[in-house]
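Trainee: Residues in the sequence shown are numbered consecutively from 0, following numbering that gives the first Met the number 0.
By construction, the Cβ of each residue, glycine as well, lies at the ideal position given by its N, Cα and C atoms.
As the structure is a prediction and not an experimental result, all values here were calculated from the model.
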Amino acid sequence: MNKPPPKRLLYAVIFVLTITEFLQSGMTAFAAAPIMGEVGMGPEEFSLVAAVYASLAILAISMQRWWVERIGGRAFIQLSALVSITGSLLCATSHTYTQFLLGRAVMALGGGAFFTAGRMLIQHRLAGPQRFVGIRSLATGVAFSIAAAPWLASVAVSEDTWSAMYVLVAGLGVCIFVLAGLVLDGGPRDIPQQRSQVSPWQQLLLLGASFALLYALQSLYYDFYGNIPAIALTLTAALAGLGLYLHQQQHHPQPLLRVREMWSARYLGGMAAFGFAYLMLGANNYVVPIMLERALGFAWQTVGDVEAVGLAAALLTWFVVSRVLPRHPSPRKFFVTGFLALALSGALLARVAPGTDLWLHVLPALALNSVFLLTVLPVSAMQTFRAVEHDESVFSHAQQLKNMMAQAGIALGIALAAVGQQWRGAIHYDGLSAHVSVHNPNFVATLKHLEQMLGATMAPPQAAQVALAEVAQRVAQQSTLLASIDHFGMIAALGVLGVLVTLVQRVFR
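1. Can you list the alpha helix (DSSP H) stretches of 4 or more residues lying completely in the region 42-118, in chain order?
2. So the alpha helix (DSSP H) T17 belongs to, where does it begin and stop?
3. Count the other C-beta atoms from every protein chain shown that fall within 10 angstroms of the C-beta of V286, then say buried if there are 16 or more, exposed otherwise.
4. Please return the same chain residues whose Cβ sits closer than 7 angstroms to the Cβ of T316, not counting the five positions on each side in sequence.
5. Using a 10 Å radius around the Cβ and a threshold of 16 neighbouring Cβ atoms, would you call W262 buried or exposed?
6. Kindly indicate the opening and closing residues of the alpha helix (DSSP H) around T160.
7. For T336, which residues from the same chain have a beta carbon less than 8 angstroms from its beta carbon, with the 5 sequence-adjacent residues on both sides left out?
8. Excluding the 5 residues preceding and the 5 following R508 in the sequence, name in chain order all residues of the same chain whose CB lies nearer than 6 angstroms to its CB.
9. Rounded to the nearest angstrom, what separates G86 and F318 at their Cα positions?
10. Here's the rule: buried if 16 or more other CB atoms are within 10 angstroms of the residue's CB, otherwise exposed. What is R259?
11. Give me the Cα-Cα distance between F334 and M381, rounded to the nearest whole angstrom.
12. Based on Cα-Cα distance, which residue from L255, P254, V351 and S329 lies nearest to M290?
13. For I76 versus A169, is the C-beta distance shorter than 8 angstroms?
14. Alpha helix (DSSP H) containing G240: first to last residue?
15. Of the residues E20, V305, M62 and L348, which one's Cα is nearest the Cα of F114?
16. When you compare only the Cα positions, how much space is there between R505 and P363?
17. Identify the continuous alpha helix (DSSP H) that holds S432 and give its terminal residues.
18. Rounded to whole angstroms, what's the CA-CA distance from L125 to G133? Just pull it up for me.
19. In chain order, which alpha helix (DSSP H) runs of at least 4 residues are fully inside the region 362-390?
20. Terminal residues of the continuous alpha helix (DSSP H) containing S321?
21. Distance check for Q399 and L89, CA to CA, integer angstroms please.
22. Could you pull the start and end residues of the alpha helix (DSSP H) that V286 belongs to?
23. Using the C-alpha atoms, what's the distance from A311 back to W150?
24. Quick check on DSSP: helix, strand or coil for V351?
25. Please classify F131: is it buried, with 16 or more other beta-carbons within 10 angstroms of its beta-carbon, or exposed?
26. Would A405 and Y214 be called neighbours here (beta carbons separated by less than 8 angstroms)?
27. Just to check my reading of the structure: L171 and I18 have Cβ atoms closer than 8 angstroms, yes? What is that Cβ distance to the nearest angstrom?
28. In angstroms, rounded to a whole number, what distance separates the CA positions of D485 and S478?
29. If we count the other Cβ atoms within 10 Å of its Cβ and call it buried at 16 or more, is Q217 buried or exposed?
30. Which residues bound the alpha helix (DSSP H) around S209?
31. Using the Cα positions of R385 and L267, report the straight-line distance between them to the nearest angstrom.
32. Going by C-alpha distance, which of L55, F394 and A229 is nearest R64?
33. Y96 to G102, Cα distance in whole Å?
34. Please classify Q196 as buried or exposed, where buried requires at least 16 other C-beta atoms within 10 Å of its C-beta.
Structure representation (structure tokens):
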């Protein structure tokens, strides 16, 4: 007989599956602005890419168990790795918006289910104390990725090699392919009578409804006043489509997702907590680097270093939570701590101003954001799936549905943050531009001061033009900063609301 592979290799597979999914999403969100500049995208196009990625990832996750039942876990993970590698290389070599969109679409089909696959490896192949070690590998991967993604992205951008981010993801895909071949066995898990069934029309409905929902929501700020009926109709149709999909799954004799057995107040409450946390993850990963680099003028490398150090608090938070939670499993105190940390993080970032010290004022806020994520996410995971752990199939489907929602949450966070920045930035830009007038003595004094400074190195007509351009740049920076302050003020309010909801709800006590 062949000797079974050591468990540490299985833990390595779980860890690499996790970091691959979270690193690629974190790096893409952090480097959104440079990527948009390199491939010729605006915020609306970038939000569209996020919506396409999320909707295709949702489709891939929904069919994860269906594939495993037919070709086995090893073949599924290796096939997914090959598709993910292809998509990553397409992104790395893209020079246009269309090429980048295609690459992200292929990445979603291949790597969208990596995290789900890692979680199901824990459920299927580990038991007792080994299962907790597997969960620790998974959570450590999440914490590591949250901290490492901004630093890795900042290094790539600073070295003018943004494509290296996707080369790295392709390399991780190769690691997944090799490790899966070493650790996992082949063959389907279930006998034919137990297999779930898939309807191509229902899957097209899921794909279309998911995309329509995300695309309509990201269009709200662009077309809200000019195209309300079309947006409302699209949202209604998307929600109806998703409702119809779930209804069909609920009444199917061999559904792709056994939703009937998982509906409960505990599961729905946990899904709400997960959805909110992933929404915050996507939104803040998008806004923080834009505020620090574009509005405050810090170099990408500096921003990445600060974010990496601040978000490294995720590792410390998980270290504490993983030791306190088994002895004191009551979830309410963890949720209160997490939402309070989010509120404080938003409040601190809403107070930034030109000249802000990154290490004294921004770093604590980023650390508090990590406390929120690595408190709410693992505690929600511990609480949400208790009612379905007895049935391996239902547990798998519950995990799939949760991770489908996570993809939508991250994409929605990025989309709303992108359009929110553009919307609020435009409002503030108009307000500030109104003060750029020859009738404003402050503007005239600033312009003359700049002309005098520049006059020492260039001719007066050229100095006047450069001075005016400098004022315009400062107005743009100020409008971006004010839009970011609006964003984090809202985050602080949502954190306070989360604390209040946690205190009055009766599901997680």
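Mentor: In brief:
1. 42-61, 63-70, 72-91 and 96-110
2. Mapped onto the sequence shown, residue 17 falls at position 18. T17 -> alpha helix (DSSP H) spans K6 to F29.
3. As a working mapping, residue 286 is identified with position 287 in the sequence shown. Buried, since its Cβ has 16 or more Cβ neighbours within 10 Å.
4. As a working note, residue 316 is residue 317 in the sequence shown. Contacts found: S369, V370, L373 and T374.
5. On the sequence shown, position 263 is the one that residue 262 refers to. When all chains shown are included, W262 counts as exposed.
6. Stepping through the sequence shown from its first residue, residue 160 is reached at position 161. Per DSSP, T160 belongs to no alpha helix (DSSP H) and is neither H nor E.
7. Here the question's residue 336 lines up with position 337 in the sequence shown. Counting only Cβ-Cβ distances below 8 angstroms, and skipping sequence neighbours, we find V370 and T374.
8. To locate residue 508, count along the sequence shown from 1; it is residue 509. Taken in chain order, the residues that qualify are R331.
9. Translated into positions along the sequence shown, residue 86 becomes position 87. Translated into positions along the sequence shown, residue 318 becomes position 319. When rounded, the distance between both Cα atoms is 34 angstroms.
10. Taking the sequence shown and counting its residues from 1, the one referred to as residue 259 is at position 260. R259 is exposed by the Cβ-count criterion.
11. Within the sequence shown, the letter at position 335 stands for residue 334. Within the sequence shown, the letter at position 382 stands for residue 381. Roughly 12 angstroms between the two C-alpha positions.
12. Against the sequence shown, residue 290 aligns to sequence position 291. The shortest C-alpha separation from M290 is found at V351.
13. To locate residue 76, count along the sequence shown from 1; it is residue 77. To locate residue 169, count along the sequence shown from 1; it is residue 170. No, they are not a contact pair.
14. One-based indexing of the sequence shown puts residue 240 at position 241. Note, G240: alpha helix (DSSP H), I227 to H250.
15. Translated into positions along the sequence shown, residue 114 becomes position 115. Considering only alpha carbons, the answer is E20.
16. Walking along the sequence shown from the start, residue 505 turns up at place 506. Walking along the sequence shown from the start, residue 363 turns up at place 364. Approximately 32 angstroms between the Cα atoms of the pair.
17. Position 433 of the sequence shown, counted from the first residue, corresponds to residue 432. Run containing S432: E391 to S432, per the alpha helix (DSSP H) assignment.
18. Your numbering for residue 125 matches position 126 in the sequence shown. Your numbering for residue 133 matches position 134 in the sequence shown. When rounded, the distance between both Cα atoms is 7 angstroms.
19. 362-383
20. Residue mapping note: residue 321 aligns to position 322 of the sequence shown, counting from 1. Looking at the DSSP string, the run of the alpha helix (DSSP H) that includes S321 is A312 to V323.
21. Residue numbering aside, residue 89 sits at position 90 when the sequence shown is read from its first letter. Residue numbering aside, residue 399 sits at position 400 when the sequence shown is read from its first letter. Between L89 and Q399, the C-alpha separation is close to 27 angstroms.
22. Numbered from 1 along the sequence shown, position 287 holds the residue referred to as residue 286. A264 to P288 is the extent of the alpha helix (DSSP H) around V286.
23. One-based indexing of the sequence shown puts residue 150 at position 151. One-based indexing of the sequence shown puts residue 311 at position 312. Distance between the alpha carbons of W150 and A311: 11 angstroms.
24. Counted from its first residue, the sequence shown places residue 351 at position 352. DSSP places V351 in coil when its eight states are reduced to three.
25. Residue mapping note: residue 131 aligns to position 132 of the sequence shown, counting from 1. Label assigned to F131: exposed.
26. What you label residue 405 is simply residue 406 of the sequence shown in a count that begins at 1. What you label residue 214 is simply residue 215 of the sequence shown in a count that begins at 1. No, the pair does not count as a contact, with Cβ atoms beyond the cut-off.
27. Within the sequence shown, the letter at position 172 stands for residue 171. Within the sequence shown, the letter at position 19 stands for residue 18. Correct: roughly 7 angstroms between the Cβ atoms.
28. Translated into positions along the sequence shown, residue 485 becomes position 486. Translated into positions along the sequence shown, residue 478 becomes position 479. One C-alpha to the other measures close to 11 angstroms.
29. Start at 1 with the first residue of the sequence shown, and residue 217 comes out as number 218. Answer is buried; the Cβ neighbour count reaches 16.
30. Start at 1 with the first residue of the sequence shown, and residue 209 comes out as number 210. Run containing S209: P199 to Q217, per the alpha helix (DSSP H) assignment.
31. Working through the sequence shown from its first residue, we reach residue 385 at position 386. Working through the sequence shown from its first residue, we reach residue 267 at position 268. The straight-line gap from Cα to Cα measures roughly 12 angstroms.
32. The residue you call residue 64 lines up with position 65 of the sequence shown. If we check each option's Cα against that of R64, F394 comes out closest.
33. Here the question's residue 96 lines up with position 97 in the sequence shown. Here the question's residue 102 lines up with position 103 in the sequence shown. Answer to the nearest angstrom: the Cα atoms are 10 angstroms apart.
34. The residue given as residue 196 occupies position 197 in the sequence shown. Classification for Q196: exposed.
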